[in-house]
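**Q** Take the sequence shown: its position 22, counting from 1, is numbered 283 in the working numbering, and each next residue is one higher. All residues carry an ideal CB built from backbone N, CA and C; glycine is no exception.
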Amino acid sequence: MGTLSSVIAVAPAPSEAALAHFESSLRFETDCADVHDALVVKGLADFVLLDVRSPSLFAAGHVPGAVNLPHGKIIASKLTQYAPDTVFVTYCAGPHCNGATRGAIRLAKLGRPVKIMIGGITGWLDEGFTLATEADAAPSPPPAAWVTPLTTRPAHERAPR
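#1: Tell me where the beta strand (DSSP E) around T351 begins and ends.
#2: Would you kindly work out how many angstroms separate the C-alpha atoms of F308 and F319, rounded to a whole number?
#3: Does DSSP put D295 in a helix, a strand or coil?
#4: Nearest to L311 by CA position, among T362, V350, A270 and T383, is which residue?
#5: Look up L305 in the DSSP assignment and say whether it is helix, strand or coil.
#6: Quick check: the Cα distance between P275 and H282, rounded to an integer number of angstroms?
#7: Taking the alpha carbon of H323 as the point to measure from, which residue in P345, Y343, H297 and A344 has its own alpha carbon closest?
#8: Buried or exposed: V313, going by 16 or more other Cβ atoms within 10 Å of its Cβ?
#9: Give me the Cα-Cα distance between A272 and A279, rounded to the nearest whole angstrom.
#10: Write down the C-beta distance between I382 and A354 rounded to the nearest angstrom, noting that I regard them as a contact closer than 8 angstroms.
#11: Can you find at least 3 beta carbon pairs, one from the stretch 383 to 395 and one from the stretch 282 to 296, that sit closer than 8 angstroms?
#12: Would I335 pass as a contact of L371 if the rule is Cβ separation under 9 angstroms?
#13: Taking Cβ positions, are T394 and A337 nearer each other than 9 angstroms?
#14: Within 10 angstroms of the Cβ of T391, are there 16 or more other Cβ atoms? Answer buried if so, exposed if not.
#15: Return the first residue and the last residue of the beta strand (DSSP E) that K339 is part of.
#16: Closest to S317 by C-alpha separation, out of P331, N359 and A270, would be which residue?
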């Protein structure tokens, strides 16, 4: 048959295995376009977007609507204001940074549902999206009622029941 390229030298997985793998990957990650659509375009707040970089990097520019909680500071006491089923989405500088993974690991160890925003800041900018600065930031951490599953506005802005 001749020499195979390095692409084909390792045979691809069977279609059934590939399908299972790629479908399951969506349970662990989301992309910048989906986060932008949810937060910026539709104003949905059914997840908490965590920028796990340092406060100084966050202040210099972050995804609009993100909350800054560096991955090394993700502990149970920092999450008590969030409902147990709150979905967290972590991001860091980009594909060259493992901070989002480290943050996701810490959240998962605490029993919290979590995904990673693949691409991080690099991916966000590559999509042509703009960054917010510290002046535009959400409080860090936000008040308890600000972000709960399926809530689109802070509790203090909703009509009383």
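**A** Reading off the structure:
#1: F349 to Y352 is the extent of the beta strand (DSSP E) around T351.
#2: About 19 angstroms.
#3: Three-state result, D295: helix.
#4: Per the Cα distances, V350.
#5: In this structure, L305 counts as coil in the three-state DSSP scheme.
#6: Per the coordinates, the alpha-carbon of P275 lies some 11 angstroms from the alpha-carbon of H282.
#7: Out of P345, Y343, H297 and A344, the CA that lies nearest to the CA of H323 is found in H297.
#8: Taking all protein chains in view, the Cβ of V313 is crowded by 16 or more other Cβ atoms within 10 Å, so the residue is classified as buried.
#9: Just so you know, the alpha carbons of A272 and A279 end up roughly 12 angstroms apart.
#10: The C-beta distance from I382 to A354 rounds to 5 angstroms, short enough to meet the 8 angstroms contact threshold.
#11: Touching, yes.
#12: Contact: yes.
#13: A337 sits away from T394, with the two beta carbons spaced by 9 angstroms or more.
#14: T391 should be labelled exposed.
#15: No beta strand (DSSP E) holds K339; DSSP gives it neither H nor E.
#16: Nearest option by C-alpha distance: P331.
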